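If you read the sequences in order, they're chains A and B. For what it's worth, this note's numbering labels the leading residue of the first sequence as 1, then goes sequentially. For what it's worth, this note's numbering labels the leading residue of the second sequence as 1, then goes sequentially.
2 protein chains.
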Amino acid sequence: IEEERKKEVTALVTDLHPADIAEIMDDLNLEEAKFIYLLLDGEKASDVLIEIDEDDRRRFLKILPPEMIATRFIEYMDSDDAADVVANLDEDVQKEVLNEIEDLEQAGDIIDLLDYEEDSAGGIMAKELVSVNENWNVATCLKEISRQAEEVDEIFYIYVTDNNDKLKGVLSLKKLILNHTNTKVSKIYDPEIQKVYTNTRQEEVAELMDKYDLVAMPVVDEIGRLQGRITFDDVIDFVRDEAEKDYQMVSGIAGDVEPGDNVWEVMRARFPWLLIGLLGGILGAVVLGTHEESLQKVTELAFFIPLIAAMAGNVGVQSSSIVVQSIASGVKDIETPARKIIKEISIAVLTASIFAVLIFCYNYFVSGNMNLTYSVSISLFIVILFASLFGTVIPLILNRFKIDPALATGPFITTTNDVLGMMIYLTISGMFFNLV
Amino acid sequence: IEEERKKEVTALVTDLHPADIAEIMDDLNLEEAKFIYLLLDGEKASDVLIEIDEDDRRRFLKILPPEMIATRFIEYMDSDDAADVVANLDEDVQKEVLNEIEDLEQAGDIIDLLDYEEDSAGGIMAKELVSVNENWNVATCLKEISRQAEEVDEIFYIYVTDNNDKLKGVLSLKKLILNHTNTKVSKIYDPEIQKVYTNTRQEEVAELMDKYDLVAMPVVDEIGRLQGRITFDDVIDFVRDEAEKDYQMVSGIAGDVEPGDNVWEVMRARFPWLLIGLLGGILGAVVLGTHEESLQKVTELAFFIPLIAAMAGNVGVQSSSIVVQSIASGVKDIETPARKIIKEISIAVLTASIFAVLIFCYNYFVSGNMNLTYSVSISLFIVILFASLFGTVIPLILNRFKIDPALATGPFITTTNDVLGMMIYLTISGMFFNLV
């Protein structure tokens with residue numbers, strides 16, 4: 001693309017949607033990307049900047065002077081996106097950029113937003129919204145809305161406040177159009193409104209917006225004054241990111257892996273859990289080593305090592321995943337930890353019994369060695385019980401200590417249960433063969 | 001709740017949001033639920049019906065006469081929800097219900113929607129939308145919109161069509177309010193509009209709406225005539241459901257497990273994959289059985305069985321998860337299957353080398369048995385290579401044959417790789433100890 005033929009590139013690029021331009025940017029190097037940015041007009045350039053990857057954005061902003069960031073990008077952005085971009089900068093650059101913003105109100109909004117916790121409603125909301133006073137009539141509203149609408153990308157809902165800025169309810173554009181111009185707002189607005197507080201956690205915001213199918217959710221402060229709004233696109237991104245994180249965790253991948261990533265990036269994400277697997281394997285070898293005598297005398301014992309390990313691993317992953325998912329579902333969760341554990345124990349006892357019987361039947365008819373038959377069955381029973389309990393309790397404990405419970409899914413739980421399973425299996429079979 | 005004190009219950013329930021009522025319903029039995037339904041007015045009753053679980057809904061509709069379904073529920077619903085409900089009914093009941101609907105236009109819409117594939121844009125869109133002709137002026141538009149808006153819950157966008165009903169662009173309510181009443185629509189609408197076709201797959205619809213942050217997406221037929229629209233709430237549900245399905249698959253859980261489920265429901269979801277694990281374990285025992293002689297002579301070989309199995313399993317799950325996720329991300333996917341495989345092989349060779357060296361060092365310093373040291377290292381190298389390749393190729397093949405590639409994650413790939421790993425390990429070590 002890069003033959004400095006400015007006009008052609010400009011013509012080509014300006015017709016595209018920002019999201020598409022951002023995708024093209026991903027494949028360019030820093031200098032090429034900068035070249036294209038400078039061709040775009042302010043509005044579009046800032047839209048593209050929001051769409052690109054966080055890492056790429058950080059790298060890109062590093063090569064730009066603070067003044068340019070402020071005047072060419074920040075000033076065209078909504079406050080929530082602007083705050084995200086500013087939060088990405090180094091602290092000294094942050095200050096410079098904020099000072100370069102000409103619109104003082106916008107700079108103030110950004111500073112307000114930076115104060116909120118990143119994962120709270122305050123941290124993801126935008127200050128831009130359309131609100132009307134309950135005492136106005138429809139005609140005044142339309143005029144006011146026209147004025148306010150210039151700063152807001154999409155209106156979605158019109159929020160109704162009282163004289164103290166307290167949120168009273170919501171008014172749909174539809175209602176506004178359907179009513180006569182001298183009707184008072186207080187007569188037609190809907191006072192039943194879902195709202196969240198600036199310190200509400202974003203999981204809960206997402207849950208509520210999903211449950212009530214809301215395009216936007218108003219955010220109020222402790223005494224009910226309207227502070228901002230959160231729109232559905234933030235929620236979709238959040239829902240998707242959370243789901244991907246849990247998925248990757250259970251698959252043993254640390255960090256975000258995307259289709260375009262190179263070999264090193266993928267390696268880095270996969271290595272940690274594999275290393276844990278290796279250490280678990282070595283620990284397993286040590287455990288088996290302490291029972292060398294049993295294994296030497298009854299070689300058949302070794303045959304069932306993979307079976308015990310696999311069942312322990314699978315049961316553990318299932319249990320932990322179910323717990324993690326029910327913790328993640330948050331608001332909906334009606335089961336106490338105690339009830340979760342009791343339910344899991346019932347399931348574990350049933351599962352363990354069924355599989356113990358199945359493997360008993362297999363060994364009874366195939367192997368003929370009764371000591372082996374008994375010890376494999378009994379071990380499997382106990383191993384499944386332990387693995388279930390472990391898989392359930394560890395995420396609950398992590399959650400108690402505010403550590404992401406998803407850490408205890410996937411390879412972690414598999415490895416722990418593998419080693420535990422070996423110990424149980426060899427101890428029990430040792431007892432059966434009177435070798436201990 | 002159930003003391004037949006109708007008035008009290010009615011007062012209590014009518015103030016709640018449909019989504020909240022649906023949650024309460026979940027805890028009641030069928031008769032109690034029916035009792036509450038009959039207390040609600042039509043609009044609310046049908047909203048609640050849409051919110052409850054699909055299984056519960058099916059059971060509930062079975063005990064109602066077709067005429068009541070049509071007049072008390074369907075008539076108050078948007079066409080997409082109505083079509084979902086009708087699709088849930090038995091075929092003969094479907095016909096009766098459709099005949100009972102008084103509004104023939106609505107009945108026609110439902111029949112149209114039932115014809116589309118369930119997972120296509122046509123299958124999830126609603127017929128209700130607000131559209132205006134490009135030749136109208138703003139005043140006419142406002143009048144028309146008021147009329148059409150009565151049937152539409154939320155307007156979001158106003159679609160602009162030509163005289164042949166072909167979609168030309170979009171008009172925001174904001175623009176409409178900001179412009180003078182005699183301005184022509186053709187002058188102010190935005191012709192750059194994202195649209196999908198009735199046969200576009202819903203994955204792609206979700207991807208596009210997410211990428212372009214759209215609240216609603218218009219759906220057109222093959223020749224561009226406006227047919228309906230898909231709203232963001234359908235997409236959030238879809239994104240969440242897909243993510244949960246993949247997560248549960250990789251955790252070895254078949255079917256949807258929810259916090260409120262009883263022991264049997266959870267058992268049923270977990271049993272299939274555990275059974276596969278058991279069969280894999282038995283197969284592993286058989287494989288080890290065929291190498292009984294080696295194991296008898298060199299007991300230490302058995303020590304590394306868990307290590308080989310664990311590494312094979314973990315590497316396989318990682319590879320398959322990455323492939324499945326990149327397939328699921330659909331539109332964004334810029335890598336061809338061939339490039340995926342090449343990249344995976346590079347990663348596999350690197351990973352395999354690193355871990356082969358690590359385990360070589362461990363054994364070299366700890367075990368002292370050089371034959372064992374060599375055979376474990378070389379086996380691990382080959383096992384990691386195989387496991388990566390397997391984890392990558394099997395989902396790609398399933399995807400080719402239009403089978404959900406997620407089937408090949410989690411326990412399936414772990415089990416396969418366990419058994420394969422055992423075979424490789426014992427064959428190679430057999431060669432080293434000259435026992436074959």
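Built from N, CA and C at the ideal position, the CB exists for glycine as well. The structure presented is a predicted model; accordingly, all values stated were derived computationally and were not measured.
Reference residue i; option with closest CA among the options
i              : options                           : result
W136 (chain A) : A:N163, A:E8 and A:V93            : A:N163
Y192 (chain A) : B:N363, B:L61 and B:T14           : One detail in the question is off: residue 192 (chain A) reads as Glu in this sequence, not Tyr. Of B:N363, B:L61 and B:T14, the residue nearest in Cα terms is B:T14.
Y212 (chain B) : A:A285, A:V324 and A:V48          : A:V48
R270 (chain A) : B:A206, B:L350 and B:T198         : B:L350
Y157 (chain A) : A:R147, A:D165 and A:K175         : A:K175
L173 (chain B) : B:K166, B:S251 and B:Y159         : B:Y159
P218 (chain A) : A:I276, A:G228, A:G224 and A:M209 : A:G228
G391 (chain A) : A:R58, A:F401, A:G123 and A:P405  : A:P405
E43 (chain A)  : A:E75, A:I52 and A:F60            : A:E75
V357 (chain A) : A:S379, A:L16 and A:R57           : A:S379
R339 (chain B) : B:L396, B:L279 and B:G368         : B:L396
I52 (chain B)  : B:L214, B:A33, B:K95 and B:D233   : B:A33
L451 (chain A) : A:D26, A:E31, A:L28 and A:I36     : Residue 451 (chain A) lies beyond the range of chain A shown here (1 to 436); nothing can be said about it.
T373 (chain A) : A:K62, A:A82 and A:I359           : A:I359
E222 (chain B) : B:D84, B:E67 and B:K166           : B:K166
I63 (chain B)  : B:E31, B:I354, B:D112 and B:D418  : B:E31
E8 (chain B)   : B:M25, B:L39, B:D26 and B:D27     : B:L39
D27 (chain A)  : A:N399, A:S46, A:L16 and A:D56    : A:D56
I155 (chain A) : A:A328, A:E128, A:H180 and A:I177 : A:E128
S326 (chain B) : A:L295, A:N363, A:D256 and A:W273 : A:D256
Bridge partners - residue i, DSSP secondary structure assignment
i              : result
F218 (chain A) : Sequence check: residue 218 (chain A) is Pro here, not Phe. DSSP, once it has assigned bridges, lists A:R229 as partnering P218 (chain A).
L167 (chain B) : B:T161
D190 (chain B) : B:V170
R196 (chain B) : The amino acid at residue 196 (chain B) is misidentified as Arg; the sequence shows Val. Answer is B:V219.
K184 (chain A) : A:N137
S437 (chain B) : The question about residue 437 (chain B) has no answer here: the residues shown for chain B are numbered 1 through 436.
A149 (chain B) : In DSSP, A149 (chain B) forms no bridge with anything.
R400 (chain B) : Answer is none; R400 (chain B) lacks a bridge partner.
A126 (chain B) : B:R229
S120 (chain B) : B:R201
Partners in chain C for residue i, counting only beta-carbon separations shorter than 9 Å
i              : result
A406 (chain A) : Among the protein chains of the structure shown, namely A and B, there is no chain C.
Against chain A: residues of the region 233 to 257 of chain B by CB proximity under 8 Å
Answer in chain order: D233, V235, I236, D237, V239, R240, A243, E244, D246, Y247, Q248, V250, S251, G252, I253 and V257.
Any chance the region 227 to 242 of chain A sits against the region 261 to 270 of chain A, with 3 or more Cβ pairs inside 8 Å?
Remark: fewer than three beta-carbon pairs, one from each stretch, lie closer than 8 Å, so the region 227 to 242 of chain A and the region 261 to 270 of chain A are not flagged as touching.
Could you please tell me which residues of the region 292 to 307 of chain A, in chain order, have their CB closer than 7 Å to any CB of chain B?
Per Cβ criterion, the list reads E292, L295, Q296, T299, A302, F303, F304, I305, P306 and L307.
Which runs of the alpha helix (DSSP H) at least 4 residues long sit entirely within the region 1 to 47 of chain B? Give them in chain order.
6 to 14, 18 to 26 and 30 to 39
Residues within the region 408 to 430 of chain A neighbouring chain B, beta-carbon criterion of under 9 Å:
T409, G410, P411, T414, T415, D418, V419, G421 and M422
Just checking, does the region 305 to 323 of chain A make contact with the region 378 to 395 of chain A on the three C-beta pairs under 8 Å criterion?
Contact holds between the region 305 to 323 of chain A and the region 378 to 395 of chain A, because three or more Cβ pairs, one in each stretch, are under 8 Å apart.
Determine which residues of the region 162 to 183 of chain B have a Cβ less than 8 Å from any Cβ of chain A, and write them out in chain order.
S172, L173, K174, I177 and L178
Any C-beta of chain A within less than 7 Å: which residues of the region 274 to 292 of chain B qualify?
L274, G277, L278, G280, G281, I282, G284, A285, L288, G289 and E292
Pair every Cβ in the region 335 to 349 of chain B with every Cβ in the region 293 to 313 of chain B, then say whether three or more of these pairs are closer than 8 Å.
no
Could you name each continuous beta strand (DSSP E) segment of 3 residues or more that falls completely within the region 220 to 291 of chain A, going from the start of the chain to the end?
226 to 231
Interface residues of the region 201 to 212 of chain A facing chain B [CB-CB below 7 Å]:
D210, K211 and Y212
Every unbroken alpha helix (DSSP H) within the region 51 to 107 of chain B, with a cutoff of 4 residues, ordered by chain:
Segments of the alpha helix (DSSP H) lying fully in the region 51 to 107 of chain B: 54 to 62, 79 to 88 and 91 to 100.
Chain B contacts made by the region 338 to 350 of chain A, where a contact means CB separation under 8 Å
K343, S346, I347 and L350
Taking a cut of 9 Å between CB atoms, which residues from the region 62 to 84 of chain B lie near chain A?
none
Between the region 105 to 113 of chain B and the region 133 to 150 of chain B, are three or more C-beta pairs nearer than 8 Å?
Touching, no, given that fewer than three Cβ pairs across the two stretches are closer than 8 Å.
What are the residues in the region 368 to 399 of chain A lying within 8 Å of chain B by C-beta distance?
none
Using 8 Å as the threshold, is the region 295 to 309 of chain B in touch with the region 275 to 288 of chain A, meaning 3 or more CB pairs across them?
yes
Below 8 Å, can you find three or more Cβ-Cβ pairs linking the region 393 to 409 of chain A to the region 17 to 27 of chain B?
no
To test your reading of the DSSP string, which unbroken alpha helix (DSSP H) runs of 4 or more residues are found completely within the region 323 to 373 of chain B?
337 to 366
Any contact of the region 116 to 123 of chain A with the region 194 to 202 of chain A, i.e. 3+ C-beta pairs under 8 Å?
By the criterion of at least three beta-carbon pairs nearer than 8 Å, the region 116 to 123 of chain A is in contact with the region 194 to 202 of chain A.
When you check each C-beta in the region 188 to 200 of chain B against every C-beta of chain A, which residues fall closer than 9 Å?
E192 and Q194
Counting pairs of Cβ atoms below 8 Å between the region 64 to 78 of chain B and the region 95 to 104 of chain B, do you hit three or more?
yes
Going along the chain, which residues of the region 119 to 150 of chain B sit with their C-beta nearer than 7 Å to a C-beta in chain A?
Listed in sequence order: L142, I145, S146 and A149.
Closer than 8 Å between beta carbons: that is the criterion. Which residues of the region 213 to 230 of chain A meet it against chain B?
Answer set for the region 213 to 230 of chain A: D213 and V215.
Could you list the residues in the region 11 to 33 of chain A with a C-beta less than 7 Å from some C-beta on chain B, going in chain order?
H17 and A19
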